C-alpha cells in the first residue's frame, strides 16, 4: 500500500449565476459575479467558480470585427463555398497548426496547445453580426486574475475555471472543458492508488477540472445569459495549470 | 425566431450512493440502489441514476478469467514486453477494429461503436487478480432493465445512465461518459436555437448525458465502492440511445 487516500466525496451542488448583463471590454466581471453569487447565498471556502471563456474574452477585448479582416488565399480555400473566409482567416491567425479540415470545418491546435474546432474562434453570443470572439491569450492568467479579485471580495479561498465547449474525436456533441484554472489541481492523479481489492488502478488520471466544467454547463446554457456557475463540494483545490490537461505531443496518437 | 425555448436550469445536485457491496452475477442491483437511495432521501421524479459500467457488467456476468484465455499471435505482438497477452486477447475479441496501438496500449472500437482504450476491458476493481471485466453487451438494454425496476420500486419516473471512464484524443486524463441510457435524451439539440442576440447557435449539440456522467464521477471515485450516484435537477428526460453519442463513421476525421 502507498498510504494514498482518495478523498471520499459528499454531495456536489451546481448553482447558476444568472442575470449577468452583456459584457464589453474592461467590465468588472469579478464584481458582477460576486454580486450574483451574493444573491444565491454567497461564495464559500473551496467553491469553484466556472466562467464561460466567452465572458472572459469579451471583458479582455478579445473580439475581432470581420470587416477589418482581409482573408488569405488559404482561408478562402478552407472556407469552401459555405464558410466565411474572413472568419477562417481569424482561425488561421489563432492556430498553431491546422489538424484537420473539411470546408468549412477547421480543427486546429491553438497557441495554448488545445485541439478544437475553429481554434476556439466563435461568432455566437456576440452583440454584432460582424464580430467573432477569440480565446483568451492566457486562460490560466485570466483565471488567476479573476480568482484574486473574488478571494478579496468574498474573503475566502475559491477556485476558478475558465470553460469552453469542445467537440470530441469519436463522440457527438460538445462537452465543456477547462481552458484555464486557478487554485485548482485539474488532474486527480491515482497512480499508485489501489482499488477496494488492493489492486493498482489502471485509469490513473481523472480530468476532474473538465468534469467540473461539464457539470457547470448543465446549468449555464448557451441560449441564456448564464455565463457562470458555482460548483460546491468538489475537493479539487490545489495548484495547477490547464496545460496539464493537454496531451503531450509525443503521446498524441491522433494527428 | 424559431419558437424554440431552451429550458432555464436551476440548481443541480449530485448525491453519491455509498455502501454498495461487492457485486457478483445475478445480484439485484436495482434493489441495492433503491435501498441506498432511500437512505439519502429517496428517488424523486426526473432524477437521473448514474451507474458505473463495471457494476452492471459484474451483475450481468460479463467477467472473464484470464487463465481460460489462450492468446493469439496478434495479441502477443500488441501486448509487447510489458502487457499481458491474455488481456490483449480479450480486448481483440471485444474489438470491432483496432484504431491505434502502442504496446501495451490498444485503442479500439467496440461492438457498440465506442472508441476507447482496451475496448473497455478492465482489470481494476475485480475481486480476483485473474479477472477482467468487459463492457455490457447492450448498455442501453442494461439501462432500460434497471430503469424499469427502479421506476417500479420508487413509484416515480427516473432516468438511468450507464457510465464509464474514457480517455480523449488530445486531452490528458479520463472523464466519465454515457455508454447506455434509458429515459434520457443524450444530446441537447440546439439547432435552430438562437442566442440572446437572435443569432443562430454554432455549437449545435451538447452531449448532456456525458456531462451528467462526468458530474456523477465527481462523487463516485474509483478507489471507493461508490458505483452510483443520483443527479437531480437536470432536464434531460426523453427517449434516446447512447448510440446517438457515437460519431458516425462518415463524419469521423480521426482514424
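Residue numbers (my numbering), protein chains in the order written: chain D, 441 to 695; chain H, 441 to 695. Cβ coordinates follow ideal geometry from the N, Cα and C atoms, glycine included. Remember, it's a predicted structure, so these values are computed and weren't measured experimentally.
How would you call residue i, buried or exposed, if buried means at least 16 neighbouring beta carbons within 10 angstroms?
| i | result |
| --- | --- |
| residue 491(H) | buried |
| residue 465(H) | exposed |
| residue 525(D) | buried |
| residue 599(H) | buried |
| residue 480(D) | exposed |
| residue 549(D) | buried |
| residue 500(H) | buried |
| residue 632(D) | exposed |
| residue 667(H) | buried |
| residue 661(D) | buried |
| residue 626(H) | buried |
| residue 562(D) | buried |
| residue 521(D) | exposed |
| residue 529(H) | buried |
| residue 689(D) | exposed |
| residue 680(H) | buried |
| residue 695(D) | exposed |
| residue 542(H) | exposed |
Which residue marks the beginning of the beta strand (DSSP E) containing residue i, and which one marks its end?
| i | result |
| --- | --- |
| residue 659(H) | Note, residue 659(H): premise wrong, no beta strand (DSSP E); alpha helix (DSSP H) at 648-660. |
| residue 392(H) | The question about residue 392(H) has no answer, for chain H in this structure spans 441 to 695. |
| residue 550(D) | 545-550 |
| residue 540(D) | 535-542 |
| residue 505(H) | 503-505 |
| residue 571(H) | 571-573 |
| residue 471(D) | Taken as a continuous stretch (DSSP letters only), residue 471(D) belongs to no beta strand (DSSP E), being part of the alpha helix (DSSP H) at 469-478. |
| residue 598(D) | Element bounds for residue 598(D): n/a, residue is neither H nor E. |
| residue 670(H) | 668-672 |
| residue 463(H) | No beta strand (DSSP E) contains residue 463(H), which DSSP labels as neither H nor E. |
| residue 453(H) | 452-457 |
| residue 555(H) | 555-557 |
Smallest Cα separation from residue i: which of the options?
| i | options | result |
| --- | --- | --- |
| residue 579(D) | 474(D), 494(D), 689(D) | 494(D) |
| residue 471(D) | 592(D), 598(D), 685(D) | 592(D) |
| residue 554(H) | 517(H), 687(H), 533(H), 691(H) | 687(H) |
| residue 498(D) | 477(D), 602(D), 475(D), 474(D) | 602(D) |
| residue 614(D) | 653(D), 524(D), 512(D), 463(D) | 653(D) |
| residue 616(D) | 623(H), 546(H), 586(H), 648(H) | 648(H) |
| residue 611(H) | 584(D), 651(D), 575(D) | 651(D) |
| residue 453(D) | 668(H), 680(H), 658(H), 678(H) | 658(H) |
| residue 607(D) | 644(H), 574(H), 572(H) | 644(H) |
| residue 487(D) | 628(D), 564(D), 518(D), 676(D) | 676(D) |
| residue 573(D) | 504(D), 458(D), 520(D) | 504(D) |
| residue 518(D) | 532(D), 646(D), 489(D) | 532(D) |
Would you kindly work out how many angstroms separate the C-alpha atoms of residue i and residue j, rounded to a whole number?
| i | j | result |
| --- | --- | --- |
| residue 484(H) | residue 595(H) | 9 Å |
| residue 515(D) | residue 559(D) | 13 Å |
| residue 534(H) | residue 456(D) | 41 Å |
| residue 507(D) | residue 462(D) | 22 Å |
| residue 622(H) | residue 577(H) | 15 Å |
| residue 656(D) | residue 496(D) | 16 Å |
| residue 683(D) | residue 552(D) | 8 Å |
| residue 619(D) | residue 604(D) | 7 Å |
| residue 474(D) | residue 590(D) | 7 Å |
| residue 445(D) | residue 691(D) | The predicted model places residue 445(D) with a pLDDT of 42, which falls under 50 and marks its position as unreliable; any figure quoted below should be read in that light. So the two alpha carbons sit approximately 28 Å from each other. |
| residue 540(D) | residue 581(H) | 35 Å |
| residue 443(D) | residue 630(D) | Caution applies to residue 443(D), whose pLDDT of 35 falls short of 50 and renders its modelled position unreliable; the value that the coordinates give is listed next. Residue 443(D) and residue 630(D): Cα-Cα distance of roughly 12 Å. |
| residue 489(D) | residue 513(H) | 52 Å |
| residue 670(D) | residue 509(H) | 49 Å |
| residue 477(H) | residue 460(H) | 11 Å |
| residue 536(D) | residue 511(H) | 43 Å |
| residue 502(H) | residue 583(H) | 15 Å |
| residue 544(D) | residue 523(D) | 5 Å |
| residue 451(H) | residue 451(D) | 13 Å |
| residue 458(D) | residue 566(D) | 18 Å |
| residue 557(H) | residue 693(D) | 12 Å |
| residue 646(H) | residue 547(H) | 25 Å |
| residue 400(D) | residue 685(H) | Only positions 441 to 695 of chain D appear in this structure, which leaves residue 400(D) out of reach. |
| residue 468(H) | residue 588(H) | 13 Å |
| residue 674(D) | residue 628(D) | 12 Å |
| residue 482(H) | residue 672(H) | 11 Å |
| residue 597(H) | residue 624(D) | 37 Å |
| residue 568(D) | residue 585(H) | 49 Å |
Could you please give the first and the last residue of the uninterrupted alpha helix (DSSP H) stretch that includes residue i?
| i | result |
| --- | --- |
| residue 499(H) | 493-499 |
| residue 579(D) | 579-594 |
| residue 515(H) | 513-519 |
Hey, would you say the C-beta of residue i is under 6 Å away from at least one heavy atom of the ligand FMN?
| i | result |
| --- | --- |
| residue 677(D) | Although the ligand FMN was asked about, the structure shown includes no ligands whatsoever. |
Contact residues within the segment 610-625 of chain D, judged by C-beta distance below 8 Å to chain H = 610, 611, 612, 613, 614, 615, 616, 617
- prompt: Closer than 9 Å, Cβ to any Cβ of chain H: which residues of the segment 447-464 of chain D, in chain order?
  reply: 447, 448, 449, 450, 451, 452, 453, 454, 455, 456, 458, 462
In chain order, what residues of the segment 495-509 of chain D put their CB closer than 7 Å to some CB of chain H?
none
Inset, instruction - Give the residues from the segment 521-546 of chain H that approach chain D closer than 8 Å (Cβ to any Cβ), ordered along the chain. - result: 540, 542
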